[in-house]
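Report on the structure given below.
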Amino acid sequence: MLLATSLFELHVQGGFDHMAPLSITFVVNIAVIVYCLSMLIRKKQINPFWLEAVKQIGGFAAALGAYSTLVGLFQAFNSLEGSKEVIPFPMISGGMKVALITVLYGLIIYCISLVAYIVLRFLTRKQVQA
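Counting in our numbering, the sequence shown runs from 88 upward without gaps.
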C-alpha cells in the first residue's frame, strides 16, 4: 500500500502531461514482454521485431523522460527569471527534484525493458539450440 501511495504521489508531482505518456509507454512495453513470454511458453518462435520492440520502447521512454525533464527545467527557470523577489534555495531545489522525476521514471522503464530484452534473447537462443 505504501509503494502504491508513493508511486501515485510521484505521478502527481511529475505532472499528468508528462507522466501519462511515460506510463502508457510502460504499459505497452509490459504488454509486448508478456506477448513474447507467452510465445516462449507455447514453444513458438518469437519474431525478432518484437524482441527489438522491447528494447526500442524502453529507449523511447528514456528519451521521453529526458525531454520532459528539460521542459520542466525550462519552465522552472522561466518562472525564476520573471520573479521580482528572491526565492529561497529550498524552493528551487524542490522544483529541481520534481523536474527530475520524469527522467528517473523513464530510466527505470528503460532498465526494465533492457533486462527483459536480455532475458528474452537468452531464452530465445536456448529454445533454438534445443
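We put the beta carbon where it would ideally sit given N, CA and C, even for glycine.
Kindly list the residues whose CB is nearer than 8 Å to the CB of residue i, restricted to its own chain and excluding five residues on each side of it in sequence; keep chain order.
i, result
"Val-115", "Ile-144"
"Tyr-122", "Trp-137"
"Leu-187", "Thr-156"
"Leu-160", "Met-183, Ala-186"
Tell me the rounded alpha-carbon separation between residue i and residue j.
i, j, result
"Leu-109", "Ala-148", "6 Å"
"Leu-194", "Ala-150", "9 Å"
"Val-141", "Val-99", "27 Å"
"His-105", "Phe-176", "25 Å"
"Phe-95", "Ile-174", "28 Å"
"Cys-163", "Pro-135", "Note that residue 163 is Ala in the sequence shown, not Cys. About 42 Å."
"Cys-198", "Phe-113", "11 Å"
"Ile-179", "Ala-107", "25 Å"
"Lys-171", "Phe-103", "29 Å"
"Lys-130", "Ile-205", "18 Å"
Tell me which residues share the same chain as residue i and place their Cβ nearer than 6 Å to its Cβ, disregarding the 5 neighbours each side in the sequence.
i, result
"Thr-211", "Ile-133"
"Leu-97", "Ile-188"
Assuming residue i and residue j form a contact by the criterion Cβ under 8 Å, report the distance between their Cβ atoms to the nearest whole angstrom.
i, j, result
"Leu-138", "Arg-208", "6 Å"
"Val-119", "Gly-152", "Not really, about 19 Å apart at Cβ, beyond 8 Å."
Taking the alpha-carbon of residue i as reference, which of the options has the nearest alpha-carbon?
i, options, result
"Ile-117", "Lys-213, Ala-203, Ala-107", "Ala-203"
"Tyr-154", "Gly-101, Ile-205, Pro-135", "Gly-101"
"Leu-201", "Gly-146, Leu-127, Lys-131", "Gly-146"
"Lys-213", "Val-158, Ser-166, Leu-127", "Leu-127"
Closer than 8 Å: is that where the CB of residue i sits relative to any heavy atom of the ligand FAD?
i, result
"Leu-124", "Absence of the ligand FAD is noted for the structure shown, with no ligands found whatsoever."
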